[in-house]
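*Asks:*
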Amino acid sequence: MGQGWAAPGLPRLLLLLLCCGRPLLVPSEGTTGQGTTSQGTTSQVTVNQATTSQATTSNLVSDEAEARKFVEEYDRRSQVVWNEYAEANWNYNTNISTDNSKLLMQKNLQMANHTVKYGTWARRFDVTNFQNATMKRMIKKIQDLERAALPVKELEEYNQILVDMETVYSVASVCHKNGTCLRLEPDLTRLMATSRNYQDLAWAWKSWRDKVGRSILPYFPKYVELTNKAARLNGYQDGGDSWRSMYEMPFLEEELEQLFQELQPLYLNLHAYVRRALHHHYGPDVINLEGPIPAHLLGNMWAQSWSNIYDLVAPFPSAPKMDATEAMIKQGWTPLRMFKEADNFFTSLGLLPMPPEFWNKSMLEKPTDGREVVCHASAWDFFNGKDFRIKQCTSVNMEDLVVAHHEMGHIQYFMQYKDLPVTFREGANPGFHEAIGDVLALSVSTPTHLHKIGLLSSGDGSYEEDINFLMKMALDKIAFIPFSFLVDQWRWRVFDGSVTRENYNQEWWSLRLKYQGVCPPLARSQDDFDPGAKFHILASVPYVRYFVSFVIQFQFHQALCQAAGHQGPLHKCDIYQSKEAGKLLADAMKLGFSQPWPEAMRLITGQSNMSAASMMTYFKPLLDWLVTENGRHGEKLGWPQYNWTPNSARLEGPVVGSGRVNFLGLDLEEQQARVGQWVLLFLGVALLVATLGLTQRLFSIRHHSLRRPHRGPQFGSEVELRHS
């Protein structure tokens, strides 16, 4: 799912990673409050003095010419500072070492001081009567210092809290009684994706939350307090109000709720269908056909994507699979060829080709020289107008081919707005960047496109193949909708005080039940802190942007397909080679953040509002099939028996982890168990041969004895002698 460009946000001190499947915002400035230089301390003190006196208007400057000089100076200096930071960050991510870490922290502090210095300066301007709307927009954006508005000591404390929470998450491992320990990546993630053992899944689910969530809880109330204080110093009511302001929509919450309600029929039918499939696999004691689904059975640690349980829910399991991986391997594709193909996709739309710096400086494969690197796929802007890179440990498979196009979509966005002032070099709203990457992936993953580039023999699938394709998409796109919606619903309530420390966990599960229809596999208490087991919660990364991006990418897709002259079902559309579609994208991307996002939306779709209609159109064939299938089984949509909980007896007994099995009462690795099985088989065969040989020997002796005079129990005497 959930994640990019590794340059700092504008002017926020966040490392924005717009990554594959799901984007992540990784707070990279966490240590800037430690070991502050004298320059940094001075700047921060100045900011806080300005903050406390910002209500005083006597010293404010309303001269627009002076403001223009200020933003020009800010832009020149920002390009240098952010480029140096991006280089240091790239060097660390592609060669993790102590020296590179130290340099990154130095550049991080330099960037923080720069933001504080110019943010304070920007607060001298009263933009109320400015005639130039662009100038007014730039100044107001620079004025928002976010966390840097805190007093020095509290800023240091805030940053340290973020560092400590991220450290808990990053180093956490859970261990079996025999001492075998598992990390989240790749161990627990693989277990949750591939295991179909109820106990193993419950053990992994609970152990991760015991280890991480409970450890995060002591930090979280103070984090909330300081987030709210920083927001108020910047003129917002609380932290949630500050986050929502990025969308420039006074009724954002109501509009998001409306979008969710529009998509609910699709989600409820998918939920009911998946619930029955799990009921068939796991049985009625842990799956209630009228209740919520236990959250650990959906193939993902947070039940945010269900694509990993496709094998349990495939509508037509015997239909041909539409995966190009085998063809890619047979044809000798390499990671470089995958990115060349992605570049070809963009140029076929009339968009910009990747510059020489991209091919010379990107890391498209995992290095083989022993360096430790961060393999998470991400796209990078170096803020000099010519240097753009991707970092990806690419494997030759269909999934990574889609990811390559997705990441290159972010690069295309960077290149399209590269001539704007740095203040405006970001997406039109927090969901736009990810939506641009995803909308391209919607075309690339179609059988039509894979046939065009020689990876499928035919682009026309059967009805069964179509439904299977849409089910795979829905397990990723539709299943994610309620989770991406509720995460910030919970945080906004925490920030505004309606959810307190005493009911953090209770409210978390109330929202997950209400919107997602899932429940914990075992009893939870207020000593647990299950929200803290999700990275974005502890890293202070807003999450509703992913909800927005998942909705608007289908609006973009439908508009681009219309421009490309596509006829037929929306899920079959491929915009490859359409210059008309490419122009719509380019015109919107060029705006960056220079205008409110509805203008960028209008340039692509012809309308200014977010709508779920395109998403419903895309999945309509699947919805029709689900309605019929659910009706055939008499499914009840929703979870009327919302108080139901799974049978805890299924959690009793020995629990083994990923790759471990119970073999003759022993907890062994799968490989050890397989060896044991072969040993037992060998011993069994040997015993059989020995038994047959002994039988033959006995028969021979008996036959011989019948031909001799009887002299007593000869056989018995011989056996006794043999053992004497």
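Position one of the sequence shown corresponds to residue 353 (my numbering), numbered consecutively onward. Think of the CB as a built atom: it goes at the ideal place given N, C-alpha and C, for glycine as much as any other residue. Model, not experiment: these values are computed from the prediction.
(1) Which of the three DSSP states, helix, strand or coil, is assigned to A731?
(2) Is it a yes or a no for the segment 626 to 641 touching the segment 658 to 676, going by three-plus beta-carbon pairs under 8 Å?
(3) I need the straight-line Cα distance from V526 to M544, nearest angstrom please.
(4) Using 10 angstroms around the beta-carbon of I448, count the other beta-carbons present and answer buried if the total reaches 16, otherwise exposed.
(5) Just to confirm, are Q744 and M941 a CB contact at a threshold of 7 Å?
(6) Less than 8 Å between C-beta atoms, sequence neighbours within five positions excluded: which residues of the same chain meet that for S390?
(7) Could you round the C-beta distance between I833 and F887 to whole angstroms and report it? I think they count as a contact, below 8 Å.
(8) Report yes if the C-beta distance between A952 and A780 is below 7 Å; otherwise report no.
(9) Please check the pair N460 and Y437, which I expect to be a contact at CB under 8 Å, by giving their CB distance rounded to whole angstroms.
(10) By a C-beta neighbour count over all protein chains shown, 10 Å radius and 16 as the cutoff for buried, is A965 buried or exposed?
(11) When the cut-off is 7 Å and only beta carbons count, does L874 lie next to chain D?
(12) Is P646 helix, strand or coil by DSSP?
(13) Buried or exposed, going by whether 16 or more other CB atoms sit within 10 Å of the CB of T579?
(14) Using a 10 Å radius around the Cβ and a threshold of 16 neighbouring Cβ atoms, would you call W842 buried or exposed?
(15) For D790, which option in L808, H757, D818 has the closest C-alpha, if you only look at C-alpha atoms?
(16) Do you know offhand how far S567's Cα is from I639's?
(17) Take the Cβ of T467 as the centre, count every other Cβ of all protein chains shown within 10 Å, and call the residue buried at 16 or more, exposed below.
(18) Under a three-way DSSP split, which group does M674 fall into?
(19) With a 10 Å radius around its C-beta and 16 neighbouring C-beta atoms as the bar for buried, classify S892 as buried or exposed.
(20) What residue ranges within the segment 497 to 569 form continuous beta strand (DSSP E) runs of no fewer than 3 residues, ordered along the chain?
(21) Between the Cα of A624 and the Cα atoms of G471, G587, L827, Q878, which residue gives the shortest distance?
(22) Out of G761, N445, Q462, A524, point me to the one whose CA is closest to R723's CA.
(23) Below 6 Å CB to CB, which residues in the same chain sit around G816 once its five sequence neighbours on both sides are set aside?
(24) Relative to the C-alpha of L622, which candidate in K824, D882, D880 has its C-alpha closest?
(25) Indicate whether the contact test is met: 3 or more Cβ pairs, each with one atom in the segment 705 to 717 and one in the segment 410 to 425, closer than 8 Å.
(26) Specify the secondary structure class of R741 as computed by DSSP and reduced to three states.
(27) By DSSP's criteria, M715 is part of a beta bridge. Which residues make up the other side?
(28) For V423, name the three-state secondary structure that DSSP assigns.
(29) Just the Cα atoms here: how many angstroms apart are M598 and R584?
(30) So, for R864: in the same chain, excluding its five sequence neighbours on each side, which residues have a beta-carbon less than 6 Å away from its beta-carbon?
(31) Count the C-beta pairs between the segment 673 to 688 and the segment 799 to 819 that are closer than 8 Å, then say yes if the count reaches three, no if not.
(32) For the alpha helix (DSSP H) containing G761, name the first residue and the last one.
(33) In this structure, how does DSSP classify M690 when only helix, strand and coil are distinguished?
(34) Which residues in the same chain have their Cβ closer than 6 Å to the Cβ of A911, if we skip the five residues on either side of it in sequence?
(35) Please report how far the alpha carbon of D314 lies from the alpha carbon of W555, in whole angstroms.
*Replies:* So, from the listed chains and residues:
(1) If you number the sequence shown from 1, residue 731 lands on position 379. A731 falls in the strand class under three-state DSSP.
(2) Result yes; three or more Cβ-Cβ pairs closer than 8 Å.
(3) Taking the first residue of the sequence shown as 1, we reach residue 526 at position 174. Taking the first residue of the sequence shown as 1, we reach residue 544 at position 192. Roughly 14 Å separates the two Cα atoms.
(4) For the purposes of this step, residue 448 is taken as the residue at position 96 of the sequence shown. Around the beta carbon of I448, fewer than 16 other beta carbons sit within 10 angstroms, so the residue counts as exposed.
(5) Working through the sequence shown from its first residue, we reach residue 744 at position 392. Working through the sequence shown from its first residue, we reach residue 941 at position 589. No, these two residues do not count as a Cβ contact at 7 Å.
(6) Your numbering for residue 390 matches position 38 in the sequence shown. Confidence at S390 is low in this model, with a pLDDT of 30, below 50, so its placement is unreliable and no value can be given for it.
(7) In the sequence shown, the residue the question calls residue 833 occupies position 481. In the sequence shown, the residue the question calls residue 887 occupies position 535. The Cβ separation is near 19 Å, so there is no contact.
(8) On the sequence shown, residue 952 is found 600 positions in, with the first residue counted as 1. On the sequence shown, residue 780 is found 428 positions in, with the first residue counted as 1. Result yes, Cβ atoms of A952 and A780 sit closer than 7 Å.
(9) Along the sequence shown, one-based indexing puts residue 460 at 108. Along the sequence shown, one-based indexing puts residue 437 at 85. In this structure N460 touches Y437 by the C-beta definition: roughly 7 Å separates them, less than 8 Å.
(10) Numbered from 1 along the sequence shown, position 613 holds the residue referred to as residue 965. Exposed is the label assigned to A965, since fewer than 16 other Cβ atoms lie within 10 Å of its Cβ.
(11) Absent from the structure: chain D. Only one protein chain is present.
(12) Residue numbering aside, residue 646 sits at position 294 when the sequence shown is read from its first letter. P646: strand per DSSP, three-state reduction.
(13) As a working note, residue 579 is residue 227 in the sequence shown. With 16 or more other Cβ atoms inside 10 Å of its own Cβ, T579 counts as buried.
(14) Counting from 1 along the sequence shown, the entry for residue 842 is found at position 490. Buried, by the Cβ-count rule.
(15) Taking the first residue of the sequence shown as position 1, residue 790 is located at position 438. Ranked by Cα distance from D790, the first of L808, H757, D818 is H757.
(16) To locate residue 567, count along the sequence shown from 1; it is residue 215. To locate residue 639, count along the sequence shown from 1; it is residue 287. A direct Cα-Cα distance of roughly 31 Å separates S567 from I639.
(17) Position 115 of the sequence shown, counted from the start, is the residue given in the question as residue 467. It is buried - the Cβ of T467 has at least 16 other Cβ atoms within 10 Å.
(18) Numbered from its first residue, the sequence shown carries residue 674 at position 322. The answer is coil: DSSP assigns M674 none of H, G, I, E or B.
(19) In the sequence shown, counting from the first residue as 1, residue 892 sits at position 540. A residue is called buried once 16 or more other Cβ atoms fall within 10 Å of its Cβ, and S892 is buried on that count.
(20) Runs found: 525 to 527, 533 to 535.
(21) The residue labelled residue 624 in the question sits at position 272 within the sequence shown. Nearest C-alpha to A624: L827.
(22) Locating residue 723 in the sequence shown gives position 371, counting from the first residue. The shortest C-alpha separation from R723 is found at N445.
(23) Residue 816 sits at position 464 when you count from the first residue of the sequence shown. For the sequence presented, residue 816 should be read as Glu rather than Gly. Here E816 has F668, A671 as same chain residues with Cβ atoms under 6 Å from its own Cβ, once five neighbours each way along the sequence are excluded.
(24) As a first step, residue 622 must be located in the sequence shown, where it is residue number 270. Of the listed residues, the one whose Cα sits closest to L622 is K824.
(25) The answer is no - the segment 410 to 425 does not touch the segment 705 to 717, with fewer than three Cβ pairs under 8 Å.
(26) In the sequence shown, the residue the question calls residue 741 occupies position 389. Three-state result, R741: strand.
(27) Along the sequence shown, one-based indexing puts residue 715 at 363. Note: M715 sits in a beta bridge opposite K743.
(28) Counting from one through the sequence shown, the residue named residue 423 turns up at place 71. Shown here, V423 sits in a helix according to DSSP, grouped into three states.
(29) Counting from one through the sequence shown, the residue named residue 598 turns up at place 246. Counting from one through the sequence shown, the residue named residue 584 turns up at place 232. Approximately 15 Å, taken between the alpha carbons.
(30) The residue you call residue 864 lines up with position 512 of the sequence shown. Cβ within range, chain order: V870.
(31) Flag = yes, the segment 673 to 688 and the segment 799 to 819 touch.
(32) Counting from one through the sequence shown, the residue named residue 761 turns up at place 409. Secondary structure note for G761: its alpha helix (DSSP H) is the uninterrupted segment 750 to 768.
(33) The residue given as residue 690 occupies position 338 in the sequence shown. In this structure, M690 counts as helix in the three-state DSSP scheme.
(34) The residue given as residue 911 occupies position 559 in the sequence shown. The answer, listed in chain order, is I956, T957.
(35) Only positions 353 to 1076 of the chain appear in this structure, which leaves residue 314 out of reach.
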